[in-house]
Amino acid sequence: MNGVITPLIANYPENSTWTIGYLLIHPNYQRQGLGAQFFHVLEQAISPNKMRCVVQEQNGQALKFWQTLGFKVVGLEQSKLGQLVNKTFVVEKVNRV
Numbered sequence: 005m006n007g008v009i010t011p012l013i014a015n016y017p018e019n020s021t022w023t024i025g026y027l028l029i030h031p032n033y034q035r036q037g038l039g040a041q042f043f044h045v046l047e048q049a050i051s052p053n054k055m056r057c058v059v060q061e062q063n064g065q066a067l068k069f070w071q072t073l074g075f076k077v078v079g080l081e082q083s084k085l086g087q088l089v090n091k092t093f094v095v096e097k098v099n100r101v
């Protein structure tokens, strides 16, 4: 699909889990359903038991996107670099086998 970039990591952080590094949609193609369409094709192709990703705390639009795809917030991670604090939600979707 043009305008879609996503890295995937298999079996991380545990076996049978696919981790989505990020899902980027070119601004010209956003809000057209391409992200959801891409995700559904990906999900069918790899048939994962579980998928996970992290979402920046301040990115409410991305959090809502993942939640509409069936992901649930399972944690909040925080990292510091000097005075900067980065907070991310960990979201997961478990597929029944």
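Each residue of the sequence shown is one higher than the one before, starting from 5 at the first, in this note's numbering.
Ideal Cβ placement from N, Cα and C applies to all residues, glycine included.
Predicted model, so just to flag it, every value in this text is computed and none were measured.
Residue of the options minimising C-alpha distance to residue i
i     : options                       : result
Thr92 : His30, Leu38 and Tyr26        : Tyr26
Leu97 : Gly86, Leu80, Gln71 and Glu81 : Position check: residue 97 holds Lys in this sequence, whereas Leu was assumed. Closest option to Lys97, Cα to Cα, is Gln71.
Ile29 : Ala40, Leu12, Trp22 and Leu46 : Ala40
Identity of the residues DSSP links to residue i by a beta bridge
i     : result
Asn90 : Ser83
Gln60 : Thr92
Lys54 : Thr21 and Val98
Val77 : Val95
Simplified DSSP state of residue i, which is helix, strand or coil
i     : result
Leu12 : strand
Glu96 : strand
Gln36 : coil
Cβ-based neighbour list, residue i, same chain, cut-off 6 Å, excluding 5 preceding and 5 following
i     : result
Ala49 : none
Contacts around residue i, its chain only, beta-carbon distance under 8 Å, and the 5 residues preceding and following it disregarded
i     : result
Cys53 : The question names Cys, but residue 53 is Asn in the sequence shown. Correct list, in chain order: Ser20, Thr21, Val98, Asn99 and Val101.
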